[in-house]
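J.: Below: one structure in structure tokens.
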Ligand SMILES: Cc1cc2nc3c(=O)[nH]c(=O)nc-3n(C[C@H](O)[C@H](O)[C@H](O)COP(=O)(O)O)c2cc1C
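Numbering (this note's numbering), first residue to last: 1258 to 1443.
Structure below.
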């Protein structure tokens, strides 16, 4: 009887580990060769990127400005602050550190950012400018986090600024997994 109990317990363990292996495989097996590139200042967009990674199995790559933003830099009340200046002068492109992506290996790029001044921060424009050539044949899914602003204004500025890129409608996160799945099917 004791031996039978042990055999049954072992069988249960094996079944459970097989099922979690299958689940892990299913997560990455979405026929999508994708990567998540994101910028975050205070961490919210990194959590959002993790949500997208949970659903898609994509690797996450953080964009880092060469010169990090200080708290005074992101003080939007101050007209002279770096973020306000970057908003007022849309041609500004803060330098970013090079990123390690083999674009030949991906067909979809998720691009995440916090909404700054109702739209994408200038760092994202630097990324799209610097890597525009490699991004030309990719499908781009933008996503954002914000206090309250919807994604729609960033959708509009991205479309206007990068008409030659295949940019899909964006999503504001956090969102339910089902919503993320629906979004990437568009
Ligand atoms: C410079 C700056 C401008 C912002 N502008 C907006 C805005 O226009 N609308 C909004 O809802 N939130 C705005 N926010 C809030 C951020 O979008 C929000 O806190 C976001 O989740 C931060 O993401 P992070 O933690 O990844 O940096 C702004 C924040 C900063 C620092």
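The C-beta atom is built at its ideal place from N, Cα and C for all residues, glycine as well. The model shown is predicted, which means the values in this text are computed figures rather than measured ones.
In whole angstroms, what separates the C-alpha of residue 1424 from that of residue 1310?
T.: Cα to Cα, residue 1424 sits roughly 19 Å from residue 1310.
J.: On the DSSP letters alone, give me the boundaries of the alpha helix (DSSP H) that residue 1365 sits inside.
T.: Looking at the DSSP string, residue 1365 is not in any alpha helix (DSSP H); the run it does join, the beta strand (DSSP E), is 1365-1371.
J.: Can we say the segment 1393-1407 touches the segment 1418-1432, given the rule of at least three CB pairs closer than 8 Å?
T.: With the cut-off at 8 Å, the segment 1393-1407 and the segment 1418-1432 touch.
J.: Output the distance between the C-alpha atoms of residue 1384 and residue 1353, rounded to the nearest integer angstrom.
T.: Their Cα atoms are separated by approximately 7 Å.
J.: Measuring only the C-alpha atoms, how far is residue 1372 from residue 1386?
T.: The alpha-carbon atoms of residue 1372 and residue 1386 are separated by roughly 19 Å.
J.: Less than 8 Å between the CB atoms is what I'm expecting for residue 1427 and residue 1399, so what's the real figure, rounded?
T.: Right, their Cβ atoms sit about 4 Å apart.
J.: Just to check, is the beta-carbon of residue 1414 closer than 7 Å to a non-hydrogen atom of ligand 1?
T.: No, the beta carbon of residue 1414 sits no closer than 7 Å to any heavy atom of ligand 1.
J.: Considering only heavy atoms of ligand 1, does any lie closer than 7 Å to the CB of residue 1329?
T.: Not so, every heavy atom of ligand 1 lies at least 7 Å from the Cβ.
J.: Threshold first: 4 residues or longer. Then list the alpha helix (DSSP H) segments lying entirely within the segment 1277-1362, N to C.
T.: Taking only runs of at least 4 residues, the alpha helix (DSSP H) segments lying wholly in the segment 1277-1362 are 1301-1313, 1339-1345.
J.: Report the residue from 1367, 1322, 1339 whose alpha carbon sits nearest the alpha carbon of residue 1330.
T.: Of 1367, 1322, 1339, the residue nearest in Cα terms is 1339.
J.: Check whether the Cβ atoms of residue 1291 and residue 1328 lie closer than 8 Å to each other.
T.: Their beta carbons are not under 8 Å apart, which means residue 1291 does not touch residue 1328 by this criterion.
J.: In the structure shown, what three-state DSSP assignment does residue 1393 receive?
T.: Note: residue 1393 maps to coil in three-state DSSP.
J.: Pick helix, strand or coil for residue 1376, following the three-state DSSP scheme.
T.: If DSSP states are grouped into helix, strand and coil, residue 1376 belongs with the strands.
J.: How many angstroms separate the CA atom of residue 1407 from the CA atom of residue 1357?
T.: The alpha-carbon atoms of residue 1407 and residue 1357 are separated by roughly 30 Å.
J.: Would you say residue 1335 touches ligand 1, meaning its beta carbon is less than 7 Å from a heavy atom?
T.: Checking the Cβ of residue 1335 against ligand 1 gives no.
J.: For residue 1305, I'd like the list of residues in its chain whose CB is within less than 7 Å of its CB, leaving aside the five on either flank, ordered along the chain.
T.: Here the set comprises 1369, 1400, 1402, 1430, 1431.
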